[in-house]
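Protein chains in written order, with this note's numbering: chain A, 563 to 688; chain B, 563 to 688.
Step one of this worksheet: look at the structure below.
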DNA sequence: TATTTTACTGCAACAAAGTTGCGTTAAGCT
DNA sequence: AGCTTAACGCAACTTTGTTGCAGTAAAATA
């Protein structure tokens, strides 16, 4: 197991999630941190932070991995199912603070749901 | 543009979608057809069939691409939003014939939704 | 049916995202 | 300061998917 240490790399990476409510592509994080740390390190820190419930990840419609800061998640309780939204114009991805109603389907016991919405955000549709 | 020809390869690939309602991983199709055709061919046929509205694709929670046969889609009208379900036990992915209610979110104009559900199917939960 | 057109296929090489092994570094403890 | 061990960097690798080009085979035309 082991306890996550607050190294320079971890602090730096976490700081990138602060000033925004948007999700960030893992690939973009790696590009942005190119001079400061190795891509392996980025992936490993993201893994650890996710396991501790500090951030959460999801896969976009192109198969790329996104990360965003959790609001009210912990390592035990990580199942707040909220949809993610991507604007077709500015490409930004945001977590929507909306409760998703999981449909009840006969013959299927649904335990989790990943909802990825696509459309136009307010700034791009005006 | 060009019109899709019904070549041997196309017929063979399409036949794999017949006997099942389940979705198929692109990677699995390639493995299954290894002796009969090149992986480039598989990807290209899948692309064409999707453009024509004969099959549709989506990305699973692991980032891999799935394909399934459409029921009631055409090249013009491809927007029947139905959820996809993966059983955590048998790993099968199926299209659920359920209408998804897209939530109305302020400041966001939602045009499309990808819903990926995870849980237990009937055969695996009994 | 022979010819011509053009969509389709195979191959090899490539691209990009993400992983693994291992030797080294540095955080946190006493 | 010294010790333990988590964390890091590097290089090499794996996997999925793409691209360019030369050759093949459908389908259209005559």
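Cβ coordinates follow ideal geometry from the N, Cα and C atoms, glycine included.
Query raised in the report: Exposed or buried, what is residue 632/A when buried is set at 16 or more other beta-carbons lying within 10 Å of its beta-carbon?
Result: buried
Requested in this report: Provide the residue span of the beta strand (DSSP E) that contains residue 674/B, from first to last.
Outcome: 670–683
Requested in this report: Could you name the residues that DSSP lists as bridge partners for residue 617/A?
Outcome: 631/A
**Report entry** Limits of the beta strand (DSSP E) - the one that residue 655/B falls within
**Finding:** 655–657
Query - Whether residue 679/B touches residue 675/A by CB criterion (8 Å) - result: yes
Query - Interface partners of residue 673/B on chain A, CB under 8 Å - result: In chain order: 650, 680, 681 and 682.
Query raised in the report: So what does DSSP say about residue 652/A, is it helix, strand or coil?
Result: Coil.
Query raised in the report: Under the rule that 16 or more other beta-carbon atoms within 10 Å means buried, what is residue 622/A, buried or exposed?
Result: buried
Query raised in the report: Any C-beta of chain B sitting closer than 8 Å to the C-beta of residue 615/A?
Result: It does not: the Cβ of residue 615/A has no partner Cβ on chain B nearer than 8 Å.
Query raised in the report: Which partner residues does residue 688/B have in the DSSP bridge list?
Result: BP columns for residue 688/B are empty, so no partner.
Query raised in the report: So who's on the other strand from residue 584/A, going by DSSP bridges?
Result: BP columns for residue 584/A point to 656/A.
Query raised in the report: From residue 579/B to residue 630/B, what distance separates their C-alpha atoms?
Result: 7 Å
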